[in-house]
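Presented below is the structure to which this report refers.
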Amino acid sequence: MARHAVTLVPGDGVGPEICDASVRVLEATGVEFEWDVQQAGQAAIAEFGTPLPDHVLESIRKNRVALKGPITTPVGSGFRSVNVALRQALDLYALVRPVRAYKGARNLRDDLDFIIVRENTEDI
Numbered sequence: 022m023a024r025h026a027v028t029l030v031p032g033d034g035v036g037p038e039i040c041d042a043s044v045r046v047l048e049a050t051g052v053e054f055e056w057d058v059q060q061a062g063q064a065a066i067a068e069f070g071t072p073l074p075d076h077v078l079e080s081i082r083k084n085r086v087a088l089k090g091p092i093t094t095p096v097g098s099g100f101r102s103v104n105v106a107l108r109q110a111l112d113l114y115a116l117v118r119p120v121r122a123y124k125g126a127r128n129l130r131d132d133l134d135f136i137i138v139r140e141n142t143e144d145i
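Start counting the sequence shown at 22; every next residue gets the next number (my numbering).
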């Protein structure tokens, strides 16, 4: 079976715990992953002096997929939002959210099946 290279960015606060749990769930599927762990946010500032080092973006571009935990967004001052920087650097202009009703789950309607597309980078 092929191994899938994934950039893993644990993030700040509860991010590492969320990523650890997510990794366990993904690995329980039987799919083989090769995790390229990269730091962004507070940990990256402490180690590299910047919240989003270039090598993190290089890893994401190389692997073409990333799993990212929450990353601190400054309020008022400090560094620019890592989330916004990632969206802009990787041209992630659309937030796509599928909505579907599942049989057996309690729903207000049983015939829901649509997609919400939200523009994600304008005016940022």
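Backbone N, C-alpha and C fix where the C-beta goes; we use that ideal spot for every residue, glycine too.
Does DSSP classify residue i as helix, strand or coil?
i: residue 46; result: helix
i: residue 118; result: strand
i: residue 78; result: helix
i: residue 126; result: coil
Tell me the residue span of the alpha helix (DSSP H) that contains residue i.
i: residue 108; result: 103 to 110
i: residue 23; result: Run containing residue 23: none; DSSP gives neither H nor E here.
i: residue 67; result: 63 to 69
Buried or exposed, going by whether 16 or more other CB atoms sit within 10 Å of the CB of residue i?
i: residue 107; result: buried
i: residue 138; result: exposed
i: residue 136; result: exposed
i: residue 93; result: buried
i: residue 132; result: exposed
Apart from the five residues just before and just after residue i, which ones in its own chain have a Cβ nearer than 6 Å to its Cβ?
i: residue 58; result: 29
i: residue 25; result: 54
i: residue 36; result: 90 and 91
Taking the alpha carbon of residue i as the reference point, which residue from the options has its own alpha carbon closest?
i: residue 110; options: 44, 74 and 49; result: 74
i: residue 52; options: 43, 42 and 22; result: 22
With respect to the beta strand (DSSP E) encompassing residue i, which residues constitute its N-terminal and C-terminal limits?
i: residue 137; result: 134 to 140
i: residue 86; result: Run containing residue 86: none; DSSP gives neither H nor E here.
i: residue 52; result: Unbroken run through residue 52: none, as it is neither H nor E.
By Cβ distance below 7 Å, which residues in the same chain neighbour residue i in space, the five residues on each side in sequence not counted?
i: residue 117; result: 136 and 138
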